[in-house]
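Numbering (this note's numbering), first residue to last: 4 to 329.
Beta carbons are placed, not taken as given, at the ideal position from N, Cα and C, and that holds for glycine.
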């Protein structure tokens, strides 16, 4: 019920409460069948009418107030989810992360300030002696990391800001995430800095994940070089079947995208294989995309952008042993 309807309801009750409004002393008009009432009767009648009017007024106002309060509460409960919006979702995700995702560890996680400082220090470092202190170097060399960081302005643009993501634990690893935002002319770009602890609990930036390293390089792979590759991509279920992968009863299809190329690749797993089951689990909770590190290989008569998924190396972009678990 709308407030205006309530007000109209109250007003209508007032009209039906009996008695005309007090506009001063007025002589009653005697009809042909009416006897003129005595003054005593008139006073008693006026008193009863006034009390009744007050009673009706009190009940009307009371009912109106109650109805309005009920309406306000109902509106608040209806609007509350929309007013809270993403905050409620974020709270739920945090609770789920703490209870079901966060991996038990003897190593404390860095705070927001500590995580951002670790990333800043790593990317700003130009001392070769500190590379292994700041980075998990993976398959890269300290000199490659130095060259990569020095080339950031030309490649990615000006470093603008950092966004802390907190825990991104995945595949049995403790992971803290920080998004690094760049701006180059009119184009913005981002890189994901993933921090993991070593066996001593020292958090370091995983360089291969940050650089989204692929082997061979994208330019080499897309030019047809190499029958096998290691790629870091975002994978999503797909339905493109042709050539050697034409039978969808035998193959599961996934699109593979990378921020480092505009080309869309497709990977296929043979239905029933360990790879197919591992990929399927990535999307069993309703997710539509997942960061993965894959080994892929070309198949005879396949298109240049079609590959068989040989192995799911990691459910994220970090490929390491799993220290810190306990």
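Taking DSSP's pairing of strands, which residues face residue i in a bridge?
{"i": "residue 182", "result": "166 and 195"}
{"i": "residue 227", "result": "Its beta-bridge partners do not exist; DSSP assigns none."}
{"i": "residue 275", "result": "BP columns for residue 275 are empty, so no partner."}
{"i": "residue 310", "result": "270"}
{"i": "residue 298", "result": "233 and 314"}
{"i": "residue 110", "result": "For residue 110, which the question treats as bridged, DSSP gives no partner whatsoever."}
{"i": "residue 218", "result": "233"}
{"i": "residue 260", "result": "237"}
{"i": "residue 320", "result": "For residue 320, which the question treats as bridged, DSSP gives no partner whatsoever."}
{"i": "residue 206", "result": "200"}
{"i": "residue 248", "result": "Paired residues: none, contrary to the question."}
{"i": "residue 138", "result": "208"}
{"i": "residue 187", "result": "190"}
{"i": "residue 161", "result": "186"}
{"i": "residue 293", "result": "238"}
Applying the 10 Å Cβ sphere with the 16-neighbour rule, what's the burial state of residue i?
{"i": "residue 129", "result": "exposed"}
{"i": "residue 193", "result": "exposed"}
{"i": "residue 68", "result": "exposed"}
{"i": "residue 61", "result": "exposed"}
{"i": "residue 188", "result": "exposed"}
{"i": "residue 389", "result": "Any question about residue 389 goes unanswered here, given that the chain covers just 4 to 329."}
{"i": "residue 136", "result": "exposed"}
{"i": "residue 214", "result": "buried"}
{"i": "residue 267", "result": "exposed"}
{"i": "residue 216", "result": "buried"}
{"i": "residue 291", "result": "exposed"}
{"i": "residue 144", "result": "exposed"}
{"i": "residue 142", "result": "exposed"}
{"i": "residue 200", "result": "buried"}
{"i": "residue 39", "result": "Legend: pLDDT at residue 39 = 34, less than 50; position of this residue unreliable, value from coordinates given subsequently. Result: exposed."}
Which same chain residues, not among the five before or five after residue i, have their C-beta less than 8 Å away from its C-beta?
{"i": "residue 319", "result": "171, 173, 174, 176, 178, 197, 212, 294, 295 and 296"}
{"i": "residue 37", "result": "Confidence in residue 37 is poor, its pLDDT being 32 and thus under 50, which makes the residue's placement too unreliable to answer from."}
{"i": "residue 146", "result": "131"}
{"i": "residue 250", "result": "244"}
{"i": "residue 95", "result": "Note that residue 95 has pLDDT 28, beneath the 50 cutoff, so the model's placement of it is unreliable and the number below is only indicative. If we look at residue 95 and ignore the five residues flanking it on each side, it has no Cβ neighbours."}
{"i": "residue 303", "result": "247"}
Excluding sequence positions up to five away, which residues of its chain have a Cβ less than 6 Å from the Cβ of residue i?
{"i": "residue 309", "result": "269"}
{"i": "residue 229", "result": "219"}
{"i": "residue 317", "result": "174 and 296"}
{"i": "residue 285", "result": "293"}
{"i": "residue 322", "result": "296 and 316"}
{"i": "residue 89", "result": "Unreliable positioning characterises residue 89 in this predicted model, as indicated by a pLDDT of 36, which lies under 50. The coordinate reading is nonetheless provided below. Contacts found: none."}
{"i": "residue 1", "result": "A question about residue 1 goes unanswered here, because the residues of the chain that appear run from 4 up to 329."}
{"i": "residue 159", "result": "185 and 192"}
{"i": "residue 259", "result": "236, 238, 268 and 270"}
I think residue i touches residue j, with their Cβ atoms under 8 Å apart; what is that distance to the nearest whole Å?
{"i": "residue 111", "j": "residue 121", "result": "Their Cβ separation, rounded to whole angstroms, is 13 Å, which puts residue 111 and residue 121 out of contact at 8 Å."}
{"i": "residue 264", "j": "residue 206", "result": "With 8 Å as the limit, residue 264 and residue 206 do not qualify as a contact, their Cβ atoms being about 30 Å apart."}
{"i": "residue 231", "j": "residue 300", "result": "5 Å"}
{"i": "residue 256", "j": "residue 271", "result": "6 Å"}
{"i": "residue 278", "j": "residue 314", "result": "6 Å"}
{"i": "residue 233", "j": "residue 311", "result": "No, residue 233 and residue 311 are not in contact; Cβ-Cβ is about 14 Å, not under 8 Å."}
{"i": "residue 204", "j": "residue 246", "result": "Actually they do not touch by this definition, with Cβ atoms about 50 Å apart."}
{"i": "residue 243", "j": "residue 254", "result": "No, residue 243 and residue 254 are not in contact; Cβ-Cβ is about 10 Å, not under 8 Å."}
{"i": "residue 227", "j": "residue 307", "result": "6 Å"}
Cutting at 7 Å between CB atoms, please list the residues of its own chain near residue i, excluding the five before and the five after it.
{"i": "residue 140", "result": "134, 148 and 210"}
{"i": "residue 138", "result": "125, 148, 207, 208 and 210"}
{"i": "residue 117", "result": "none"}
{"i": "residue 167", "result": "115, 118, 119 and 181"}
{"i": "residue 273", "result": "253, 254 and 279"}
{"i": "residue 15", "result": "Because residue 15 sits at a pLDDT of 40, beneath the cut-off of 50, its placement in the model cannot be relied upon, and the following sentence gives the value as read from the coordinates. There are no such residues."}
Would you check if the stretch 147-164 and the stretch 183-191 touch, i.e. whether three or more CB-CB distances between them fall below 8 Å? yes
Could you check whether the stretch 145-154 touches the stretch 225-239, counting it as contact only if at least three pairs of C-beta atoms, one from each stretch, sit closer than 8 Å? no
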